[in-house]
Ligand code: COA
């Protein structure tokens, strides 16, 4: 079965992350697939809304660490950066349906979605420091803005996870429902959007985002260069090696 399921029905493209055995972690091929699906949804007039969803037990464990070590992103055209640019510059509404853990880019991609519905089992985290790297997908800018500096510092410096209730209170997500109802709610909201005038939706999203679109793009590019450089340095090598060997990392000398 494919790691990504992509379906377009009644004006909605639904991208389902479908790699549960590896906790829906993203491989390079999946980033390419998601970037292609977004590009196609952007170009096709018949598509009005995108829904991005995972499984009732897991949204995404972030980058597939083994795949990342094998093919680290080393240019702006790397699939992970293509995906980040595609989701952050997407002009039509994007709805995310999140249950279970949303780790790393599993959380940071949500800053680029318009409506985020979460199960009460959702757990968000951005453990970039714990992995010896730095924030990505514009999260070094967007997390302090959306969550407030104090909470963003706990999430980004300590790598502390936060609950669906905390995410709702911060305005990162729109509503919490039981995990079994999240995907259905996302589809119902998508159908409501499909019935609205597209020109008004596009204008409204553009107006809400245009104030900092170029600032976000610049920050993502800056994070990308730093992230790529840090990946080959000692702290990341220790953190990723520890994950692969199922042990705690030792940063005492770093
Ligand atoms: N990359 C590659 N494989 C991953 C992965 C990732 N990011 N996250 C989980 N997996 C794999 C595990 O290695 C394991 O594989 P195995 O069955 O072959 O041993 C399988 O998925 C199940 O993971 P496990 O950790 O046993 O599941 P869990 O339910 O106990 O915990 C998570 C789920 C998401 C909390 C935990 O897997 C986790 O923290 N993953 C790492 C997340 C991370 O650091 N991501 C950032 C990457 S930049």
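In this note's numbering, the protein residues as written are 415 to 668. The beta-carbon is built from N, C-alpha and C at its ideal position, and this holds for glycine as well. A quick note: this is a predicted structure, and the numbers were derived from the prediction, not measured.
{"query": "Distance CB(residue 519)-CB(residue 641) smaller than 8 Å", "result": "no"}
{"query": "Extent of the continuous alpha helix (DSSP H) to which residue 564 belongs", "result": "563–567"}
{"query": "Any non-hydrogen atom of the ligand COA within 7 Å of residue 479 CB", "result": "yes"}
{"query": "Residue from 463, 429, 457, 416 whose Cα sits closest to the Cα of residue 605", "result": "463"}
{"query": "Any non-hydrogen atom of the ligand COA within 7 Å of residue 628 CB", "result": "no"}
{"query": "When 594, 577, 592, 593 are compared against residue 586, the one with the closest alpha-carbon", "result": "577"}
{"query": "Residue 515: CB within 7 Å of a non-hydrogen atom of the ligand COA", "result": "yes"}
{"query": "Any non-hydrogen atom of the ligand COA within 7 Å of residue 510 CB", "result": "no"}
{"query": "Own chain, CB closer than 6 Å to residue 445, minus 5 neighbours either side, in chain order", "result": "493, 494, 497"}
{"query": "Bridge-paired residues (DSSP) for residue 756", "result": "Since the first residue of the chain shown is 415 and the last is 668, residue 756 is not available in this structure."}
{"query": "Extent of the continuous beta strand (DSSP E) run through residue 587", "result": "Careful: residue 587 lies outside any beta strand (DSSP E) and carries neither H nor E."}
{"query": "Straight-line Cα distance separating residue 597 from residue 418", "result": "16 Å"}
{"query": "Contacts around residue 528, its chain only, beta-carbon distance under 6 Å, and the 5 residues preceding and following it disregarded", "result": "507, 508"}
{"query": "Cut-off 6 Å between Cβ atoms - residues of its own chain near residue 479, not counting five sequence neighbours on either side", "result": "654, 657"}
{"query": "Counterpart residues of residue 535 in DSSP-defined beta bridges", "result": "None; residue 535 has no bridge partner."}
{"query": "C-alpha distance - residue 603 paired with residue 424, whole-angstrom precision", "result": "13 Å"}
{"query": "One or two residues paired with residue 419 in a DSSP bridge", "result": "430"}
{"query": "Near the ligand COA: residue 546 beta-carbon under 7 Å from a heavy atom", "result": "no"}
{"query": "Cα-Cα separation, residue 533 to residue 499", "result": "27 Å"}
{"query": "Spatial distance of residue 552 from residue 561 (CA atoms)", "result": "14 Å"}
{"query": "Residue 625, buried or exposed, once every other Cβ within 10 Å from all chains shown has been counted against 16", "result": "exposed"}
{"query": "Spatial distance of residue 477 from residue 539 (CA atoms)", "result": "13 Å"}
{"query": "Residue 549 versus residue 637 - alpha carbon distance", "result": "7 Å"}
{"query": "Sheet register partners of residue 474 (DSSP bridge)", "result": "516"}
{"query": "Residue 476 CB to nearest heavy atom of the ligand COA below 7 Å", "result": "yes"}
{"query": "Residue 529 (DSSP reduced to helix, strand or coil)", "result": "strand"}
{"query": "Bridge partner(s) assigned by DSSP for residue 665", "result": "According to DSSP, residue 665 bridges with nothing at all."}
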